[in-house]
Each structure stands twice: as structure tokens, then as C-alpha cells.
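Enquirer: Before I ask anything, here is the structure I am working with.
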Amino acid sequence: MLTVFTLLMLLIIKEGSGNSDRSVTFENPNPCALKGKSVEFRCSYSYREGETVRKTTWYRGKLNGTIWTRVALSDFPSYESRSEYLGDWQHNCSLAIHDLQVNDTGYYYFRFDTDTYGFRSKKSVYLSVTELNVRVCPERVRVGENVTLECKTSCHQLSNTAWFKDGRPISKTMFRAQAEDSGNYVCAIRGRESEQSDSVALDVQYGPLNMSIEVSKLGHLSNSTSVNLTCRATANPAAINYTWYKTTGSSSSSMVHVGSGQVLSLTSVVRPGLYLCQARNSVGENNLTQTVLIADHKDINHFILVGIVVKIILALLLTLIIIWIGRRTCYSAEDKKEQEDDYENTSI
């Protein structure tokens, strides 16, 4: 019994001393790479002198239910065209994986087989595949507030980045927001601008701007003519409240409320007026005035009467001028005849 036990211990010691001559070393056990790029697992292995390597294999860890297993990369169709063994059958076991995808994140192992023994790495390479993450802080601001753009990954601090807004390059990553800064932002590593992050939107809110008032009819209007005044404004969020005021006297500061809504309908106004539109949203408000000239029937009749009188006066003046010119012509002919008669008498 003691002899059998002694033999077993000798076999275990021999096996352990044999494994000490075999090893796998990973130079970068925790690489982190960007999606779409390539990564290299730098790896070396050693074995007993006199052995000959017959096979090398890379594995990926996979959880089947509650059991952790190692599956050869050759058994994954997705790695067939993307994995490249850079090593040899001597001491280099490096591996490259191209066109990285987020689901490539995980544990990787190496195994080599000699003509007498098979050895697999006890440690692993843990690969992290990350994407460029863009952040606009905050994503919703009001005009004049500060905005900061951030571009980072889960495993790298990026400093040399390029930024684009709606496809156009921008230089500032910190600024005070203006209305025109609203849009979609992406980042990229400088030198690889074609590989951009997903976009994130910046929403700059502002009160009513670029206001205008449209008048459905222009000129002097009678009190029986309907007129629509339409108030327009650019705002974010859109203006939801429109209020109309009208002057009550000569001073524009004397205003009375005359209506609400984007369109003000005027149907029986008898005086010229200065109308003010006030547009408002959740950010602020803005005002714009518009003069509308309106005349009542009395004013129109007065204008017509004055026109008739002017026409009559002009006609009378024209008649008098014609008569005066005619008489001047007659007087000139008679004077000429008298002069000719006097000349004849003098000759006799």
C-alpha cells in the first residue's frame, strides 16, 4: 500500500515539474479597443526542450447555462474572416481581431499541443470593445446658458478629438448657447474623422424672434372692409400665446386689449390705428407693432367731394385760360390791321 502511494506521489511531482516548463504569457491581458478597429493580443508560450508543437488554438469563454466553457474561435462563424493568427509553432502565439464589434467583449484563452502534451493557459485576455460616446451637457438649454461637449470611451480618455454639427466641423467644445446652436453633434478621433460617434441633439430654447405682422389688405380701408392681421414669430418652443393691443389716443403708450390668437380679424374699425402683437412662449415674450390705416364712410365721402370740387375748379381754370388766349389772339390781329392802315395813309 505504501509503495502504491509513493508511486502516485512521484507521478504528481513529475507532472508538476513538467508543467513548470510549459507556460503562456499575455503581454496585454486587458486590451481596450474601439468598435470597428483592430486589436492584437500579444502572446508568447514555452514548452520543454525536445518537444515539437503540433497545434495551436485560441478559445473564447462562453457561459452555457451555469457552466463556463471554452469554445474555439474557429467554431464561431463571425470570427472566420476577422481573426488572424500572428504567431507560429515555436514561441509566438499573438492573435489579431479585426472590425471589432461590441459583442466581441469577453475572455480569450490560448492552448498549444506538442507531440507529448497539451497545455492551455490558466489566465486569460479580457477584451473590452467600446464605442465613442458623445455627450452634450446639458442637452436642453436656454439662450445664453453654458454648453459643454464631451467625447469619451469607457476605457480611454480622449483629448485629440474632432467635432461636427449637422455635418459641419466646429472648433469650440464650450460655449454660450445661441439659437443657431441647435442641432445634432458627433465626435471622432482626429485623423479618423470618417469614424464618427452616434449623434446627440442639442436643443436651444429661446423666446419669440424675427416677428412680423401680415395685413391681408393694404392701404386706406373702409369700416365695412374686413381685415386680418396675422402675427408670426420664430420661437423654441413654438409660441403658444398671442395677444393684440391697439392705441386709444395719440400716445402709443395708451393701449387696450383687442383680441387673442395668432390672427386678429378687424371688421368694423372706424379709425386709423397702431396695433401691437405680443407673442409668448415658456421662455419669454416679444412685441411688434403695425400701423393699419382705416377710414370710415364720412372720410371716404369727404375725399370724393374734395376730388369733385378740385376737378370743377381745374375745368373752370382751363376754360378761362382758353378764352384769355383767344381774346389775346383777336386783339393782336386788330392791332396789326390798324398799323397797316396808318402806314397806307402816311404814304398818300
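For the sequence shown, my numbering assigns the number 358 to the last residue and increments by one with no breaks. Ideal Cβ placement from N, Cα and C applies to all residues, glycine included.
(1) Quick check: is the beta carbon of S104 nearer than 7 Å to any beta carbon in chain C?
(2) Just how far apart, CA to CA, sit A305 and I331?
(3) Just how far apart, CA to CA, sit K72 and T126?
(4) For the beta strand (DSSP E) holding D98, just list the boundary residues, first then last.
(5) CB Q300 to CB I223, shorter than 7 Å?
(6) What does DSSP give as the partner residue(s) for P179 in the beta ladder?
(7) From which residue to which residue does the beta strand (DSSP E) around N291 run?
(8) Assuming N291 contacts A249 (C-beta within less than 8 Å), just tell me the rounded distance between them.
(9) Among S104, F174, S56, M184, which has the Cα closest to the Cα of N194?
(10) May I ask which residues mark the beginning and end of the beta strand (DSSP E) holding I250?
(11) Pull up the DSSP beta-bridge partners for L105, would you.
(12) Return yes when the Cβ of S181 is within less than 7 Å of the Cβ of V196, no when it is not.
(13) Do you know how far the Cα of S192 is from the Cα of Y118?
(14) Since C42 and F120 should fall inside the 8 Å C-beta cutoff, what is the C-beta to C-beta distance between them, to a whole number of angstroms?
(15) Taking the CB atoms as reference points, tell me whether V135 and F36 lie closer together than 7 Å.
(16) Have a look at V266 and T171 and give me their C-alpha separation to the nearest angstrom.
(17) Counting Cβ pairs closer than 8 Å, one from the segment 81-92 and one from the segment 102-118, do we hit at least three?
(18) Which first and last residues belong to the beta strand (DSSP E) in which K45 is found?
(19) Report the residue from G201, E190, E205, R202 whose alpha carbon sits nearest the alpha carbon of A211.
(20) If you reduce the DSSP assignment to three classes, tell me which class L142 lands in.
(21) Of the residues P218, V237, Y216, G217, which one's Cα is nearest the Cα of S226?
(22) Between V214 and V81, what straight-line distance do the alpha-carbon atoms span, to the nearest angstrom?
(23) Grab me the residues of G271's own chain with a C-beta within less than 7 Å of its C-beta, minus the 5 sequence neighbours each way, in chain order.
(24) Here's the rule: buried if 16 or more other CB atoms are within 10 angstroms of the residue's CB, otherwise exposed. What is W99?
(25) Could you name the residues of the same chain whose beta carbon sits closer than 7 Å to that of L159, not counting the 5 residues immediately before and after it, in chain order?
(26) If we count the other Cβ atoms within 10 Å of its Cβ and call it buried at 16 or more, is W68 buried or exposed?
Expert: The relevant details are as follows:
(1) Absent from the structure is chain C; it holds one protein chain and no more.
(2) Low confidence applies here, because A305 scores a pLDDT of 49, under 50, leaving its location unreliable and the question unanswered by this model.
(3) 28 Å
(4) Careful: D98 lies outside any beta strand (DSSP E) and carries neither H nor E.
(5) yes
(6) F174
(7) Where N291 is concerned, there is no enclosing beta strand (DSSP E), given that its DSSP letter is neither H nor E.
(8) 5 Å
(9) F174
(10) Looking at the DSSP string, I250 is not in any beta strand (DSSP E), and its letter there is neither H nor E.
(11) F51, Y95
(12) no
(13) 44 Å
(14) Not really, about 19 Å apart at Cβ, beyond 8 Å.
(15) yes
(16) 57 Å
(17) yes
(18) Here K45 belongs to no beta strand (DSSP E), and DSSP marks it neither H nor E.
(19) E190
(20) coil
(21) V237
(22) 51 Å
(23) Y252
(24) exposed
(25) V146, W173, T183, Y195
(26) buried
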